[in-house]
Amino acid sequence: MKKIFFFLFCVSTVITAQNNLSSITAAIKGDDLLKTVEYLASPELAGRLPGHEGFQKAADFIKQEFTNMDLKPGGDGNDYFQKLNVEYNNIISEEPFTIIKDGKKFQFLLGKDYSYRGFTGSGNIISNVVFCGYGLSQPEVSYDDYTGVDVKGKVALVFKYNPSWKIDEKIFTKGNPREKAITAAQHGAVGILFVSFPNDEKPQVPIGSVINGEGEQMLNFPELHIDLPLADILFEESGYTLKELQTKIDQSKEPFSVPLKHQVEINVTTNYEKEKEVVNVVGILEGTDPLLKNEYLVIGAHLDHVGRQAGKIYYPGANDNASGSAAVLQIARTFAQSGIKPKRSIAFLLFASEEQGLHGSKFYSEHLPCSIENVAAMINMDCVGHGDSIQIGGGESANELWKIAKHLDSANDNLMINKTWKGGGADAEHFFQKGIPTIYFVTKNSYTHLHMLSDKPETLNKILFEKITRLAFLTAYQVTEGNYTRETISKEVQ
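FYI, the numbering for the sequence shown is 7 to 500, going by this note's numbering.
Right, here's the structure in full:
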């Protein structure tokens, strides 16, 4: 019975505090959030690719906002910027991807019919094409898509992702884009075309992406993602369709690679740098409690997106993740301008290079302002502007933290679904792996325009955007007030 009364007391405390904050949270407006998104997703910032001046402009904007809020710099020295180095690839120019069919050239549209992989190399190619299944060559699992076909001097066409099945319970490795490209090159190919699974219910269209994987950059090896209708053209007069071959390979678990009749022409120029300096942006609001001020709540979102291609198109990244960046900025502004004196300190983070592989958040998690044990929690905001409801991940690991958000939502808008997950995910992952409780704010059904040219501010749900930001602020407030005791989490993810 005492446990029940204690639980009800805690719930009552949370709800009462929330009611006292209603006037403060009311100042968090969807219009203000959208204004920030509109700038971050504008052509001027060119898709915010770390290493490009568009990303630096976004970082400068956040730095100025933190300065205006009088937050303490939390980066290197007495600066808001925390520097790190990442790979950078600038797709400078291109000529339209072309299929040569019976001597006639058919050109296609960048951003619609095809896109370049973020780490494509340069090349000027007119070549035949060979379909090479999943693009895998792994003797250790007795599987090789390059057996029985000759790709020397040709372009390999492969499925973008690895198969879902196993051979003798052995999983496939070497499935990231760079590894598949290296495998193709090792067999003599001069370029690679990735294609989505035609048998998926909703096959992925060509997107902008800079996730790549480990390994050396191939400077003269073009990498493209083509849409399924283009693959269908390439399969004409081959005696097969792509759908048939995916089915055949998946059912037999054996390679079935075939040369195709038509040629392709690829012309692209890039400039690659192995190390390019980029920045996380860090602002600190110091706590006021003599003891709790030594503990930190980290509130973060990734500022970067996937950039532009050949000066022709750019990926706005309004929902991913100008929305999360705007939310963190607004939460920081609300704390700083409302007169709230948090007991715990707060680190507001805008991470670099999430899209390339969580580099910014990993770097910060390794250079914390305090010991790992003194990070009370980490709240991640990613894709919070589009969708129809609120989901908060990490609840199976940091259940007490998740329940605070759930109680607050139940007392307000009741938009939060019960489904959650175990572990961190995205920029929360490296914090989770260090044993820090994390929760991940995201809107449900928010990926309609993910990494597409259509991820624009006008697609966002202003009302939901406002409500999830208010909920994140209220949750953060409870943590900073000491109404949350850091819980022990399991780092094992099922």
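Every residue, glycine too, gets a C-beta built ideally from N, C-alpha and C.
Does the distance from the C-beta atom of residue 106 to that of residue 270 stay below 8 angstroms?
Your numbering for residue 106 matches position 100 in the sequence shown. Your numbering for residue 270 matches position 264 in the sequence shown. In contact: residue 106 and residue 270 (Cβ atoms closer than 8 angstroms).
Selection from 384, 452 and 63 that minimises the alpha carbon distance to residue 438:
Within the sequence shown, numbered from 1, the residue matching residue 438 stands at position 432. Cα-wise, what sits closest to residue 438 is 384.
Entirely enclosed beta strand (DSSP E) segments - the segment 374-457, minimum 3 residues:
381-387, 395-399 and 444-450
Any chance the segment 229-247 sits against the segment 473-491, with 3 or more Cβ pairs inside 8 angstroms?
no
Please classify residue 397 as buried or exposed, where buried requires at least 16 other C-beta atoms within 10 Å of its C-beta.
Position 391 of the sequence shown holds residue 397. It counts as buried.
To the nearest angstrom, how far is the alpha carbon of residue 313 from that of residue 404?
As a first step, residue 313 must be located in the sequence shown, where it is residue number 307. As a first step, residue 404 must be located in the sequence shown, where it is residue number 398. Those two C-alpha atoms are separated by around 34 angstroms.
Hey, residue 234 and residue 261 are a contact pair by Cβ (cut 8 angstroms); roughly how many whole angstroms apart?
Counted from its first residue, the sequence shown places residue 234 at position 228. Counted from its first residue, the sequence shown places residue 261 at position 255. No, residue 234 and residue 261 are not in contact; Cβ-Cβ is about 21 angstroms, not under 8 angstroms.
Would you be able to state if there are at least three C-beta pairs under 8 angstroms between the segment 31-41 and the segment 463-474?
yes
Minimum length 3: unbroken beta strand (DSSP E) runs contained in the segment 59-120
87-107 and 110-113
For residue 346, I'd like the list of residues in its chain whose CB is within less than 6 angstroms of its CB, leaving aside the five on either flank, ordered along the chain.
Position 340 of the sequence shown, counted from the start, is the residue given in the question as residue 346. There are no such residues.
Could you tell me the distance, in whole angstroms, from the CA atom of residue 492 to the CA atom of residue 294?
Mapped onto the sequence shown, residue 492 falls at position 486. Mapped onto the sequence shown, residue 294 falls at position 288. About 18 angstroms.
Could you check where the alpha helix (DSSP H) with residue 6 kicks off and where it finishes?
Limits of the chain in this structure are 7 at one end and 500 at the other, which puts residue 6 out of reach.
Name, in chain order, the residues that DSSP records as bridge partners for residue 134.
Along the sequence shown, one-based indexing puts residue 134 at 128. According to DSSP, which records beta bridges pairwise, residue 134 is partnered with 269.
Straight-line Cα distance separating residue 211 from residue 81:
Stepping through the sequence shown from its first residue, residue 81 is reached at position 75. Stepping through the sequence shown from its first residue, residue 211 is reached at position 205. Near 38 angstroms, if we compare the C-alpha coordinates of residue 211 and residue 81.
Please name the residue or residues paired with residue 173 in a DSSP beta bridge.
If you number the sequence shown from 1, residue 173 lands on position 167. DSSP output for residue 173 lists 176 as bridge partner(s).
Short check: CB of residue 358 to CB of residue 310, under 8 angstroms?
The sequence position of residue 358 within the sequence shown is 352, counting from 1. The sequence position of residue 310 within the sequence shown is 304, counting from 1. It is a contact, given that the beta carbons lie within the stated cut-off.
Just the C-alpha distance for residue 247 and residue 145, rounded to the nearest angstrom, thanks.
Here residue 247 is taken as the residue at index 241 of the sequence shown, counted from 1. Here residue 145 is taken as the residue at index 139 of the sequence shown, counted from 1. Answer to the nearest angstrom: the Cα atoms are 27 angstroms apart.
Applying the criterion that 16 or more other CB atoms from any shown protein chain within 10 Å of the CB defines a buried residue, is residue 371 buried or exposed?
For this step, residue 371 is matched to residue 365 along the sequence shown. Flag for residue 371 reads buried.
Got a sec? Which residues, its chain only, sit under 7 angstroms from residue 185 by beta carbon, not counting five neighbours each side?
As a first step, residue 185 must be located in the sequence shown, where it is residue number 179. Around residue 185: 219 and 221.
Could you tell me how far apart the beta carbons of residue 133 and residue 196 are, in whole angstroms, since I believe they sit closer than 8 angstroms?
Here the question's residue 133 lines up with position 127 in the sequence shown. Here the question's residue 196 lines up with position 190 in the sequence shown. Correct: roughly 6 angstroms between the Cβ atoms.
If you count every other CB in all the chains shown that lies within 10 Å of the CB of residue 392, and 16 or more means buried, which is it?
Reading the sequence shown from its first residue, position 386 is the one you call residue 392. With 16 or more Cβ atoms within 10 Å of its Cβ, residue 392 is classed as buried.
Alpha-carbon to alpha-carbon, residue 461 and residue 326:
Residue numbering aside, residue 326 sits at position 320 when the sequence shown is read from its first letter. Residue numbering aside, residue 461 sits at position 455 when the sequence shown is read from its first letter. Spanning the two alpha carbons is a distance of roughly 8 angstroms.
Among the residues of its own chain, which have a CB less than 6 angstroms from the CB of residue 254, if the five just before and after it don't count?
Indexing the sequence shown from 1 puts residue 254 at position 248. So the qualifying residues of the chain are 262.
Near residue 10, what residues of its chain come up, given a Cβ to Cβ distance below 6 angstroms and the 5 sequence neighbours on each side ignored?
Within the sequence shown, residue 10 is the residue found at index 4, counting from 1. Because the pLDDT of residue 10 is 47, which lies under 50, any placement of that residue in the model is unreliable, and the number read from its coordinates should be weighed accordingly. Excluding residues within five positions, none has a Cβ falling inside 6 angstroms.
Between residue 380 and residue 444, how many whole angstroms is the CB-CB distance? I'm expecting something under 8 angstroms.
Counting from 1 along the sequence shown, the entry for residue 380 is found at position 374. Counting from 1 along the sequence shown, the entry for residue 444 is found at position 438. That belief does not hold up - the Cβ atoms of residue 380 and residue 444 are roughly 15 angstroms apart, past 8 angstroms.
Decide if residue 225 is buried, meaning its Cβ has at least 16 other Cβ atoms within 10 Å, or exposed.
Position 219 of the sequence shown holds residue 225. Looking at its Cβ environment, which holds fewer than 16 other Cβ atoms inside 10 Å, residue 225 is exposed.
Backbone CA spacing between residue 109 and residue 373 [nearest angstrom]:
Translated into positions along the sequence shown, residue 109 becomes position 103. Translated into positions along the sequence shown, residue 373 becomes position 367. If you take the alpha carbons of residue 109 and residue 373, they lie about 58 angstroms apart.
Go through the segment 276-341 residue by residue and report every complete run of the beta strand (DSSP E) that reaches 3 residues or more, in order.
302-308
Would DSSP call residue 129 helix, strand or coil?
By one-based count along the sequence shown, residue 129 stands at place 123. Strand.
Quick check on DSSP: helix, strand or coil for residue 199?
On the sequence shown, position 193 is the one that residue 199 refers to. In the structure shown, residue 199 sits in a strand (DSSP, three-state: E or B).
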